[in-house]
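There are 2 protein chains.
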Amino acid sequence: MNGAEALIDTLYKAGVRVCFANPGTSEMQLVAAIDKHPDMRGVLGLFEGVVTGAADGYGRMADAPAATLLHLGPGFGNGAANLHNARRGHSPIVNIVGDHATYHREFDAPLTSDVEGAARPFSNWVKTSASADALAVDGAEAVAEAMRYPGAVATLIAPANFAWEDAKGAAEPAPRRAVPQADETIVAKAAAALKTGEPSALFLGGMALREDALNEAGRIAEATGARILCETFATRLQRGEGRVPVERLPYFGEMAADYLNGLKKIIFIGAKPPVAFFAYPGKPGWLSPEDAETIELADARIDALSTLRTLADTLGAPKTHSKAQQKFTPPPMSGKLDPAGVAAALAELCPDDAVIVDEAATAGLAMFPMTGGMARHDWLMLTGGSIGFGLPAGVGAAIACPDRKVICLQADGSAMYTVQALWTMAREKLDVTTVIFNNASYAILNIELARVGASNPGPKALSLLDLSNPMIDWVELSHGMGVPAVRAKTAEEFRAALKEALEIKGPRLVEADLRG
Amino acid sequence: MNGAEALIDTLYKAGVRVCFANPGTSEMQLVAAIDKHPDMRGVLGLFEGVVTGAADGYGRMADAPAATLLHLGPGFGNGAANLHNARRGHSPIVNIVGDHATYHREFDAPLTSDVEGAARPFSNWVKTSASADALAVDGAEAVAEAMRYPGAVATLIAPANFAWEDAKGAAEPAPRRAVPQADETIVAKAAAALKTGEPSALFLGGMALREDALNEAGRIAEATGARILCETFATRLQRGEGRVPVERLPYFGEMAADYLNGLKKIIFIGAKPPVAFFAYPGKPGWLSPEDAETIELADARIDALSTLRTLADTLGAPKTHSKAQQKFTPPPMSGKLDPAGVAAALAELCPDDAVIVDEAATAGLAMFPMTGGMARHDWLMLTGGSIGFGLPAGVGAAIACPDRKVICLQADGSAMYTVQALWTMAREKLDVTTVIFNNASYAILNIELARVGASNPGPKALSLLDLSNPMIDWVELSHGMGVPAVRAKTAEEFRAALKEALEIKGPRLVEADLRG
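Same order as they appear, the protein sequences are chains P and W.
The letter at position 189 of the first sequence is residue 175 when you use the working numbering, and the numbering goes up by one with no holes.
The letter at position 372 of the second sequence is residue 358 when you use the working numbering, and the numbering goes up by one with no holes.
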């Protein structure tokens, strides 16, 4: 057994079932080891951003890490943006990055770079293995670090010679890291704040947005009248019919500050106090009202479910609550397609337990409010703000949940960053329906240009935010990568196309042409 | 005038004419400043790898830096792979990376990351500006550092508030860095070695591969009988009819070692002694013969032209030489298309002064030897080994040289990494002919798998190196991004398609279907 085989065997024993791969020469032994392992699945992405984004989507839905296989420093770089999103979302991932054989580094061959340096800004944990035997031991540690509640990005750098040298064999899984619990005195403080009867809110993120935790939040709301809010960009929000509904904080800072205005007590569980996504001249960065008491009860790494349950019990909240979302379907739309038409069709047609991957940007503003009462689902968001997340995350979610429909709500500009994900959907026959919101623009940036104070933009500025010259033909792009596709220009056409896509099992793309 | 305007004005005054941009909110002031500047050109790329690769292609052909506009740490990450190639090729680039306003960093907003940390492994010079006034001064330094002979990757990080705050105005260009000259004693040593009459070679790279430097090499060859060799992956080789021909070192280490076998004296100018691209079990890393004297006369940062001229004069070489390449056109091919058929058509049809961007990988092995006698041209190669270079570099070369035909020889697997470059070719109506070598495979990796000792690969390993399921339809992909395209399955079809593409002025893609 060589080091690569010992590593892959170790990863499998520790619970890793899939390796999303974009390998090169320095990872060939690892490819051979995946090949040799009877149960480890290998999934090819045609670009590293697809690989890391897929691992993020997988991690969010499986609550267990996939592995990635990346090619030296530049390969890591290509995957960094989606690792940034994963790190911000506390999604579990184990990156395996090949590097030159240790004795080859002195030659400074063309692909030589500082792999650890490249990995560190985008990883929670980084290690370079020091021997063939160390690969397996470090692999077990990497999985344990990736599983650190609720998840983390662990990067293991594997010099090529250790992959092909003899090794003793697989390592035992490393002990699971303990999950920190909330401080009892802060629980008591939060309970006291909620008991004042002043306008209050639970502000939730991370694992506090899963169904079981939301039920505890519902108990608290029942007992105290607190509102239940969440981060603008949450890792995975479980919502829809029968679940406790959550208000989502608006994206733009001043709208978010307005939204929070009037609250006197805000309790944070699984989330930090919200701040503006960017600074703007003369606009606030801190969004909570200045006269509100903000209590950081549990950050994302503290057990959210037990924190909420303890808080509910401390408050003497009833065991049941009346907060469950009722079914609600907006009326069907007709005529020229706009985002509301997309949302109405989705709310009507979405099957039970779908996974919604939301990178719809400005076009998606209508999606969230109009779909709160549709069939129960998981809603995945752009946690790190680094675009190119949606299609790859859809790949990963579909592999984690083969029996659930995945629906990618995808802005056109963002889709182009990692458009190669469509090919993996076709190859793996993934049950993903992709809706492309084609407004032929980085629409958000036209807003942002004005917000930073750059008024009266000329044609050069506008052209840098515009995708209409030439128009991207999403149907042809999708066909070119093997995913059947159709274009819809009216609400009726869109509804029919979405219905068909949701009824078949397999990849399909619907271009929502929003240009009127 | 704000900091962004002062910076853009400074870059222009220092010689920067183009900014390849993929901006986000933190770069909106810079977009507005480009807009306001009467002469700075902005070119949009739909992915940062396109932006940085275009800057690399531009820098190689213009011998002056373009600027890039990148969005925080993840945006830099997306561009890192092509910056790695540029850094390895000593190509001049000035990256401008937006970051959060300085006072916003404490909030740790979702897009916050260690931008300097992300940039350092892929840059020769990194600086974060400390004030609005510093932006212009640092911009002038960044250009001077990027112009450090023969070129370097300089990364300037621009906090958003300094871009919108008032600034004094543009800074004067910084003094050009001195170009180091070769050590006289080593010149004398090289001359003495060449005079021994033993089998010898000039091993050239970087600026030693430009026409004027090669003429000096021709004089030396005339006087001493030395062979003229070059790196496997050179930044920019000027060759073709009337120029001094150069032998290119083979890619695979053992073939390269065989190729150098028998040489007793090797003089390195603009290049380091060659090493294997990767380590392989039991194969050599150092490629020069053990009994050869290797003289490192000038590394890539030492003046190549003056070094070669001084060496030629020291040897008393004649002012002229007889080494100029004669015109040679291989016979036309017919029937099933293979790489030789592509090469024959290219050699016949290539117009004068074309720029060839070579990322053809295994399919390109036939290209170089069969095209040595075609019309004079520049040949750009994958200096850092990080794939996804070709199409973006074609964009940049076409913008640097609007009156020259650019021909991208592009492997299919590599093309997918930065396929968004086709859209920029269409938008800017660039005179680029792209030839996609469609073998539906990472063909090189099938070879590498065996070379690292992984024999008898199974279906899982092979599937991770295969692009045939589904087949990528390059004609549809290209149409989807606005570039007219055609597929050729025979040598005759390919010749006709290439002829038409070279005759029009504008972007065109020809898919060379090599699957037989």
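Glycine included, every Cβ here is placed at the ideal spot set by N, Cα and C.
Since we're looking at a predicted model, the values are computed, not measured.
Beta-carbon neighbours of residue i, restricted to chain P and to distances below 7 angstroms
| i | result |
| --- | --- |
| D100(W) | P107 |
| V496(W) | In chain order: nothing, as chain P lies at least about 15 angstroms away. |
| V139(W) | Going along chain P, no residue has its Cβ under 7 angstroms from V139(W), so there is no contact; the nearest lies around 12 angstroms. |
| M241(W) | Within chain P, no residue comes near M241(W); the closest Cβ sits about 15 angstroms away, beyond 7 angstroms. |
Chain-ordered chain W contacts of residue i [CB-CB under 8 angstroms]
| i | result |
| --- | --- |
| N64(P) | G35, G63, N64, A66, A67, G374 and Y403 |
| Q396(P) | Within 8 angstroms Cβ-Cβ: nothing; Q396(P) doesn't reach chain W, min ~14 angstroms. |
| S449(P) | G28 and L30 |
| A146(P) | F264, A265 and V438 |
Cross-chain neighbours of residue i in chain P, by beta carbon under 8 angstroms
| i | result |
| --- | --- |
| F263(W) | T11, A95, P96 and L97 |
| G370(W) | P60, P96 and L97 |
| W111(W) | The premise fails here: W111(W) is roughly 15 angstroms from chain P at the closest Cβ pair, so nothing lies under 8 angstroms. |
| G39(W) | Within 8 angstroms Cβ-Cβ: nothing; G39(W) doesn't reach chain P, min ~12 angstroms. |
| L463(W) | E462, L463, G466 and M467 |
Limits of the beta strand (DSSP E) - the one that residue i falls within
| i | result |
| --- | --- |
| S427(P) | Here S427(P) belongs to no beta strand (DSSP E), and DSSP marks it neither H nor E. |
| R494(P) | R494 to D499 |
| T280(P) | E279 to A284 |
| R205(P) | Where R205(P) is concerned, there is no enclosing beta strand (DSSP E), although the alpha helix (DSSP H) it sits in stretches over E197 to T210. |
| R229(W) | Segment: none, R229(W) is in no beta strand (DSSP E) and carries neither H nor E. |
| A(-8)(P) | Unbroken run through A(-8)(P) is the alpha helix (DSSP H), G(-11) to K(-1); no beta strand (DSSP E). |
| R225(P) | L223 to R225 |
Reduced DSSP category for residue i - H, G, I as helix; E, B as strand; rest coil
| i | result |
| --- | --- |
| L408(P) | helix |
| T182(W) | coil |
| N247(P) | coil |
| D452(P) | strand |
| R437(W) | helix |
| R287(W) | coil |
| A303(W) | coil |
| L431(P) | helix |
| R3(W) | coil |
| K415(W) | coil |
| T315(W) | coil |
| K269(P) | coil |
Nearest-angstrom beta carbon gap, residue j and residue i [assumed within contact, 8 angstroms]
| i | j | result |
| --- | --- | --- |
| R287(P) | P166(P) | 6 angstroms |
| P9(P) | H86(P) | Not a contact, Cβ separation roughly 15 angstroms. |
| C336(P) | M360(P) | 5 angstroms |
| G321(W) | A477(W) | 6 angstroms |
| A347(W) | L366(W) | With a Cβ gap of about 14 angstroms, A347(W) and L366(W) do not count as contacting. |
| A149(W) | L16(W) | 6 angstroms |
| G1(P) | V37(P) | With 8 angstroms as the limit, G1(P) and V37(P) do not qualify as a contact, their Cβ atoms being about 19 angstroms apart. |
| L283(P) | M402(W) | Not confirmed; about 46 angstroms, so no contact. |
Range covered by the alpha helix (DSSP H) that runs through residue i
| i | result |
| --- | --- |
| R295(P) | A290 to T300 |
| A474(P) | From DSSP, A474(P) is part of no alpha helix (DSSP H) but of the beta strand (DSSP E) over A471 to A474. |
| R213(W) | Element bounds for R213(W): not the alpha helix (DSSP H) but the beta strand (DSSP E), R213 to C216. |
| L484(P) | A477 to E489 |
| L463(P) | W460 to G466 |
Listed by chain order, chain P residues near residue i by CB distance under 9 angstroms
| i | result |
| --- | --- |
| K446(W) | V17, I20, D21, K22, H23, M26, R27 and G28 |
| E276(W) | The premise fails here: E276(W) is roughly 15 angstroms from chain P at the closest Cβ pair, so nothing lies under 9 angstroms. |
| Y89(W) | A265 and G271 |
Neighbouring residues, chain W, relative to residue i (Cβ below 7 angstroms)
| i | result |
| --- | --- |
| P267(P) | W150 |
| R74(P) | P96 |
Chain-ordered chain W contacts of residue i [CB-CB under 9 angstroms]
| i | result |
| --- | --- |
| I458(P) | L32, W409, G466, M467 and G468 |
| N455(P) | A412, R413 and G468 |
Residue i Cβ short of 8 angstroms to the ligand HEM heavy atom set
| i | result |
| --- | --- |
| D344(W) | Among the ligands in the structure shown, none appear at all, so the ligand HEM cannot be discussed. |
Could you tell me which uninterrupted alpha helix (DSSP H) segments, each at least 4 residues in length, are contained entirely in the stretch 7 to 34 of chain W, listed from first to last along the chain? Entirely contained in the stretch 7 to 34 of chain W, the alpha helix (DSSP H) runs reaching 4 residues are, in chain order, 14 to 22.
Any chance you could list the alpha helix (DSSP H) runs of at least 4 consecutive residues sitting entirely within the stretch 34 to 106 of chain P, in chain order? 34 to 48, 58 to 74 and 101 to 105
Could you pull out every unbroken beta strand (DSSP E) segment of at least 3 residues lying fully inside the stretch 96 to 168 of chain W, listed in chain order? 111 to 114 and 139 to 145
Every unbroken alpha helix (DSSP H) inside the stretch 329 to 406 of chain P [4 residues or more]: You should have 353 to 356, 376 to 386 and 398 to 401.
For the stretch 197 to 231 of chain W, which residues have a CB atom closer than 8 angstroms to at least one CB atom of chain C, in sequence order? The structure shown contains no chain C; its protein chains are P and W.
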